[in-house]
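J.:
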Amino acid sequence: MIGLVHYLVVSALLFGLGVLGVLLQRNLLVTYMSLELMLNAANLALVAFSRFNRGLDGQVMVFFVITVAAAEVAVGLALIVALFRRKQTVGVDDLTDMKL
Amino acid sequence: MNALLTLPEIAVVALGLGLLLLDLWTPPDQKRQLGYIAVAGLGLILAATFTLHGSNPQYAFGQIYVMDGLALFFKRFFLLGALFVLVMSTDFADRFPAGIGEYYALILFALAGMMWAASANDYSLLFVAIELITISFYVLNSFRRNQADSLEAGAKYLILGALASAFLVYGIAFVYGGSGTLSFHPTGPNSTDLSLSPIFQLGLAMVLVGLGFKIAAFPFQIWAPDVYQGSPTPTTAFLAIGSKAAGFVLLLRVLFSAAPDVATHWRPWWMAVCAITILYGNLGAVPQRNVKRLLGYSSIAHAGYMLLGVAAMSAAGAAAILYYLGGYLFTLAAAFTVICLAFRKSDTGDLAGLAGLHHRSPFLAATLTLAMVSLAGIPPLAGFFGKFLLLKAVVQRGITNPAYYWLVAVALFGIVVSLYFYLNVVRAIYWSKTRTETAPIEIPRLTRFSLYGCIAGMLYLGLLPNTFLNWAQEAVKALHLN
Amino acid sequence: MSTLTYIIGWPLAAAVALLWVPRQMRVLVRLVPLLATFITMVLAIKLFWQFEPGAAGYQFVQKIGWVTSLDISYHVGVDGLSVGLVLMGAVVAFAAACVAWEIKEREKEFYFLLLLMTGGILGAFASLDMFFFYFFHELALVPTFIMIGVWGRGERKNYATFQITLYLTLGSLLVLIGLIALYLRSGANTFDLVRLTAYLGKHPLSPDAQLAVFPLLLFGFGILVSLWPFHTWAPLGYRAAPTSTAMLHAGVLKKFGLYGLLRIALPLMPVGARHWLGVVAFLCVGNILYCGLVAMRQKDLNLLVGNSSVAHMGFAFLGIASLGLIGITGAGVVMVAHGFLAALTFGLTGYLYQQTGTLEISELGGLLRRLPFIGSALVMAMLAGCGLPGFANFVGEVLVVFGSWKSVPIIAVLALWGALVIAAVYMLRALRNVLHGPLPEKWAALSDATNPWRKLPFVLLLSGLIIFGCFPRLLTGKITPAAAAILQTAAPQQP
Amino acid sequence: MTTLNPMTPDVQFALYSALKIVIAMAVLLSMVAYTVLAERRIAAWIQDRVGPNRVGPWGLLQPLADAVKALLKENLVPAHVRKVSYWLAPMLVMIPSLLALTIIPFGSTLGLQKMVIADLNVGVLFTFGVAAMTVYGLVLAGYAANSKYPFLGGLRSGAQMISYEVAMALSIVPVFMLVGNPEFSGWIADRANAWHPLLANTSPLNLNRVVAYQAGGFFHWMLFQQPLAFILFLVAAFAETNRLPFDLPEAEQELAGGYNTEYSSIKFALFFMGEYANMIVASGLIVTLFLGGWTLPWFGLNHPAATFAVGLVHIAVFLIKVVAVVVLFIWVRWMWPRFRYDQLMDLAWQRFVPLALVNIMITAVVLWAQ
Amino acid sequence: MAARRAPPANCPAAQSLNLELMQEFLFYFFAILTLVFGLLVVASPSRRNPAASVFFLVLTLVCLAGLFVLLHAFFLAAVQIIVYAGAVMVLFLFVIMFLNVQQESHRPRTGTRMALSVLIAGAIVALLSRALGAASASPAFPQPAVEGGTGPLGTVLFTEYVLPFEVISVLILVAIIGVVCLGKKELK
């Protein structure tokens, strides 16, 4: 029987993958995608909890999260494009103009 | 449903929309006027908030939105902060490649987000308000998109901000899972033993990670120096004043209103975070040669000081945070306005650029000095009384828990170290020989008034703390701390 | 309103007024501070004159609520201990304003800071509220840093500025924590000294608390007074400081720490005091002997004077550490006397520096011929520093030695030896090298202080020394009852 | 029918579904084939040419010949392409249109079976979800080709489809506002209603409900109830299917064929078929949403079939309507000039989206006034 | 896209066991695919090509939508596909195509960094699993009180959560302004 914990385990693992991606990736775009993974892990947990709690609050929250994520991605990508135009790179390691 | 409670926010958003519309019909050479309109509008809204009362909490939209003393206090705080920032941006306008109208509007929208954050009584509103602030700042940070530094700042804030958001959402998911509701005040059969629920605890911890990012507390502070340095100066100011305060109001609410038991459970962690934040900020600031970067580190340190109030977990501590923020508002507004004016040609913010500021404008030099002195926490300026209250709150806890004395020791160490780099700024202003710019600085009238306001605020909070302290103490009654 | 409020208020009001004076009107810029400090001085003399030695409690009291929720109030008043300090402070402030003519650039700012400092110093001595006590002191402290930084002299100015700033801030922060701890630990929930004293008289602080809080105050105040081994900021700072600043700080502001010990730490925490003052007794030997020896090795006149000033502080500490009526009275006298003395010495060396541009002892010589007035004044100051009878210092040091003889005889002997022998050696050697001997060619064009305005500050300070030296009862008569009151709570078992 | 009775409902369901899927696919694919032929014939007719007429009578076997040709041609893979994407893209174009087919009710009932492959409560949302995935095929094709024109074509199609998706989704909101209004919901809930077995437990987004709403009579068709929505949806459908006048992604004159430039043989055929399949599915959707679906207001054809024969008639009605719309698609292609790209985007964002929003508001006000 | 078919009205109760089995199968199917694709996003087989990551992310999202359906969140499943997979990810793909960044030279990952990253991620997962382990052992789902269809969700959204909803509208406006400001070539 599939229960709450099954879903949460999937969500936790997905979150972990996202964290791993953020830490490992040197490419801003892929880093950003890993962040999306993390958000989605949260969404899964929210939906699972929502089902478990027999309410719709969690689903409403997921709705907000998806909307916000869309807006965030739009702005973020515009920013990354502008950065690329200026510096010709999207490497995380190349963001070093302002070191001590 | 008394939706009219959220009228201040609606007014701010409406003002922003109005500005965007006006921007369409404003010829490019008159865009500066838009800023004046925004300032006037905000001034009106700020004045109007004084007709509101927060003594007994009122709720709207179910329990999602609360209007109590704390919310009202912070709403005024944010409005005032935004007012200073807008004045600053009117001076900064000619340094943007374009889109000053949008810049004003974005500031207003971020402001609305902060005001909603002040009233959040539900994780859903908390989340959307924080995101409204954060996303506005992604844009505001990188608004000088012809400057690599600005874009880099934006990108760094973006990645780390999104990371914090992810943690925040995940945390909210678990909090919801633990309590069964998104509200700050779970009511239900199992709402009493929430502090025992590991799921709830984990969720709360992750929510705090998200908030820790906003206030730049260790270990979520790494973005601050770069972003402070790279962003346009008004943005930096707003980041330092508004965003941080929004983080603190939410932190206070979540910790002491939503989960008081868990909060006390984590006392040692708070103390550790607080101590490390103070040390990191102050020690990191010492070798800095760039004013904005220095203020970035110092903002971390100040977050640490304010965390003293959180770690104290008492009403006195919370009131001290509010008081400290008040002083911080005037002080930073003054400092950044001066930086804004002093680095007219190059927005680099190198300390060397301040050399000879005294000759270029004695008034600005004196203002920046006052600001530094206030940041260092020296009487008779606002920073001193704030620190006094914070230390008092912590020492009070020390009576029962000697571990707090270590916190006091760390804070003292931090303050002494901080004097060094603040005085370095003063030194650069007054007795540094090499001068890069010599032209006298013209100060527009509005800016001059805003600077007068900042100085008056710093002095008022430092010299006559009674009224404001009473306000702060009234405001934190909403948190039900003892 | 109390006279004290005027005494504090005049300089502060003048400081604010100065902001509106255009910087081109240099005469007015100079006149305002002179006038303000002069009025303050006159008021202080009047205060001293009107003070009734026998009356119990504080006089010239005024109290205005400030922060009601924390019970902080603007509360001023003087007793025998502080009235002398207020007088001394006001006189030194006027003298400092007089000698500030050496400042040539950014005069307006300098005078503004000077007035702020004056107001702060006098306020600190007059405060009967722990918060304001600290507040006024800090108000005076910050201008010090800025004045040293901006108008200071010498190559190591920055280093000196930072050292003095960091040291003194650390000291004052320790004091602040101590005061807060006192406030919280006492349970009286008041920063008001009078009420706190009364409350603690009935419900004394637990010995544990006293033992914990007292060192905070002791070392905090100790750093402020350059207690050995936290003294290194003092000579460097005074060498770098502009004359007026050095006068005010070394003369007056530094006494704040001693005053704080006497006013707050001792009476409120007798158990802590008895436990910790033994340590102080040993440390002050470091002040007297070590710093005396260091002073002997100095090649720079101001460093020498600075070190000797640190050494003199040892006497004050010794007097306090003796915990006896005579000793504490002696400490009070030393505080006042040294205030005049330090201000005088730094004023004179400042004049020399202004004339010659150097204070290297090896480069000076034979100046008495060119500068008869300054030279003679310097001679008298040096002699006073050696503890020659006839000057107020003599009275203080004798009282301290007598007072400490009973409790710590070995230290008293060492102190006496230090005062008599070491001080005499370096003072007289400096006198010989600076004032006598051949006059180098380059100093042939020096001009003496002929203008009465130039002479006035030194005359005032010297007369202070001599008056209190010849009529010590003027001081001791006021200090002794106050000291007795302090001792009554601090060490009730002693007679 | 009777032989099936011993089976469990589960197995029955699976079996019937499979059957429906196979038949629907077959119909769709043959329609694709003959739509291509129809397009060519109609084009020829409009341009006063003859068109394909050699293979079979009136050229009816032409699609077969084309298919054989496409299959037998050498499967050329240019050296510079990104291999994996290059292989994936044509499939990605084809799959969504087949998926979208599953929720369109192409008839009332045959026996006990509803004539829809998946009777989803999220209904139209599913369609949009699937439509949203279509874009990947085109963008990926452009990306895979790794050369200039396909690249531009891919970008163009991506932007165009996303933009018009917004307009499209907004345009049909009023339709569902009408369908979801309480009065009509009450009518549906009425157990005595002939529609009840078909619509029990459905949400307003269910497409059969839309059909039921339109069954009320000729003027209940959404075409008349929501003319603005119809126009917006129709135009957006042209854009979504990359048909002229919105075929910017593959504009031959500008982009040498756009995203499919580097494709040949069966892969090219897949793109080609995908486009037509999209068109047919879009037509089906238009018929269902605006033209009364499988109903006709006459001859009692406006409620679910009671007999097998009527069920077949319903399917026939549906197909005829679809063919009519497909012909409209083809006709428009040869009547209208191509838009410029900026005009295309302006049309979506500055005309359609605001219009659709206004339409929603008007509908809301009208419903509220009732 | 697997759509969970609502049980027909005439379905007998005997069928529920089968349904359960089916659900179990679908759960594992989607869960495993989600994780596998998620892993491929992070550690894409063609390391130098971020486009591959986009596609795997899209697949992850689609599988997640499947899980949403299993959890009776139908509307969200649709939104997930339409908005997330269909629009947001296309933006990613666009940007990758625009910037043509696949030639980006990658410095080799150092072993320590790799190890550290794995360690941190592992620690977070461990923390999560500890919390989960401490929670009650796999509580089964109760029958849903309300289905996550469009109607109920819309009702909640527009009554209880109308304020956050409106705040989101401001947020989207901000995003629009921001993208225009950042993206335009030269504003005048």
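Protein chains in written order, with the working numbering: chain A, 1 to 100; chain B, 101 to 582; chain C, 583 to 1077; chain D, 1078 to 1447; chain E, 1448 to 1635. For each residue, glycine too, the CB sits at the ideal point set by N, CA and C. Source: prediction; values computed, not measured.
What does R86 of chain A reach in chain B if we use C-beta pairs closer than 7 Å?
T.: A248 and L251
J.: What's the gap between the Cα of E945 of chain C and the Cα of G929 of chain C?
T.: 19 Å
J.: By the three-class DSSP mapping on this structure, what secondary structure does V166 of chain B have?
T.: Residue state, collapsed to three classes: strand.
J.: Three or more beta-carbon pairs under 8 Å between the segment 914-931 of chain C and the segment 821-838 of chain C, yes or no?
T.: yes
J.: In chain B, what lies closer than 8 Å to L613 of chain C by C-beta?
T.: Within 8 Å Cβ-Cβ: nothing; L613 of chain C doesn't reach chain B, min ~21 Å.
J.: Is the CB-CB distance between L721 of chain C and L750 of chain C below 8 Å?
T.: no
J.: Of all Cβ atoms in chain E, is any one closer than 8 Å to the Cβ of A42 of chain A?
T.: Using a CB distance cut-off of 8 Å, A42 of chain A does not count as an interface residue toward chain E.
J.: Counting C-beta neighbours from all protein chains within 10 Å, is the total for H580 of chain B 16 or more, i.e. buried, or is it exposed?
T.: exposed
J.: Need the endpoints of the alpha helix (DSSP H) that Y423 of chain B sits in, please.
T.: A415 to A442
J.: So what does DSSP say about F1429 of chain D, is it helix, strand or coil?
T.: helix
J.: Output needed in chain order: residues of the segment 5-21 of chain A with a Cβ under 8 Å from some Cβ in chain E.
T.: V5, H6, Y7, L8, V9, V10, A12, L13, L14, F15, G16, L17, G18, V19, L20 and G21
J.: Return the Cβ separation of F338 of chain B and L491 of chain B in integer angstroms, given the expectation that the two are a contact with Cβ distance under 8 Å.
T.: Not quite, the Cβ-Cβ distance comes to about 28 Å (not below 8 Å), so this is no contact.
J.: Going by DSSP, what residue range makes up the alpha helix (DSSP H) through S989 of chain C?
T.: A974 to S989
J.: Do you know how far the Cα of G1598 of chain E is from the Cα of L225 of chain B?
T.: 22 Å
J.: Buried or exposed: T1085 of chain D, going by 16 or more other Cβ atoms within 10 Å of its Cβ?
T.: exposed
J.: Does the distance from the CB of V68 of chain A to the CB of V1626 of chain E come in under 8 Å?
T.: no
J.: Using only the alpha-carbon positions, how far apart do R1577 of chain E and T1559 of chain E sit?
T.: R1577 of chain E and T1559 of chain E: Cα-Cα distance of roughly 26 Å.
J.: Quick one, which of B:G278, B:Q329, B:A212 and B:A317 has its alpha-carbon nearest K256 of chain B's?
T.: B:Q329
J.: Which residues bound the alpha helix (DSSP H) around F642 of chain C?
T.: Annotation for F642 of chain C: no alpha helix (DSSP H) segment contains it, though the beta strand (DSSP E) segment containing it runs Q641 to V649.
J.: So, under 8 Å CB-CB, L56 of chain B and L134 of chain B are touching, yes? Tell me the CB distance rounded to an integer number of Å.
T.: No answer is possible for residue 56 of chain B: it lies beyond the span of chain B, which begins at 101 and ends at 582.
J.: Helix, strand or coil for E942 of chain C? Go by DSSP, reduced to three states.
T.: DSSP places E942 of chain C within a strand segment (E or B) once states are collapsed to three.
J.: Would you please verify whether the beta carbon of K533 of chain B is less than 8 Å from any beta carbon of chain C?
T.: no
J.: Tell me which same chain residues have a C-beta within less than 8 Å of the C-beta of G562 of chain B, skipping the five on either side of it?
T.: G427, S474, P479, P480, L481, A482, G483, F484 and F485
J.: Could you give the C-beta distance for L14 of chain A and F52 of chain A, rounded to a whole number, given that I count them as a contact under 8 Å?
T.: Actually they do not touch by this definition, with Cβ atoms about 18 Å apart.
J.: Could you tell me which chain E residues have their CB closer than 9 Å to the CB of A257 of chain B, listed as they occur along the chain?
T.: Just to set this straight, residue 257 of chain B is Tyr in the shown sequence, not Ala. The contacting residues do not exist; Y257 of chain B stays about 13 Å from chain E at best.
J.: Of all Cβ atoms in chain A, is any one closer than 8 Å to the Cβ of G1558 of chain E?
T.: no
J.: Helix, strand or coil: which one does DSSP assign to Q606 of chain C?
T.: coil
J.: Are A363 of chain B and L355 of chain B closer than 8 Å when you measure CB to CB?
T.: yes
J.: Let's test the definition: count the other Cβ atoms within 10 Å of the Cβ of C1510 of chain E and tell me whether it reaches 16, buried, or not, exposed.
T.: buried
J.: Look up L970 of chain C in the DSSP assignment and say whether it is helix, strand or coil.
T.: coil
J.: Tell me the DSSP secondary structure of G1294 of chain D in three-state form.
T.: coil
J.: Grouping DSSP H, G and I as helix and E and B as strand, with all else coil, what is H1519 of chain E?
T.: Note: H1519 of chain E maps to coil in three-state DSSP.
J.: Assuming V1394 of chain D is part of the alpha helix (DSSP H), what are its boundary residues?
T.: F1385 to M1412
J.: Count the CB pairs spanning the segment 1163-1182 of chain D and the segment 1212-1219 of chain D that are closer than 8 Å, and state whether there are at least three.
T.: yes
J.: For the beta strand (DSSP E) containing I1180 of chain D, list its first residue and its last residue.
T.: For I1180 of chain D, there is no enclosing beta strand (DSSP E), as DSSP marks it with neither H nor E.
J.: Within 10 angstroms of its Cβ, does R1451 of chain E collect 16 or more other Cβ (buried), or is it exposed?
T.: Note on R1451 of chain E: pLDDT 41, under 50, position unreliable in the model; no value is reported.
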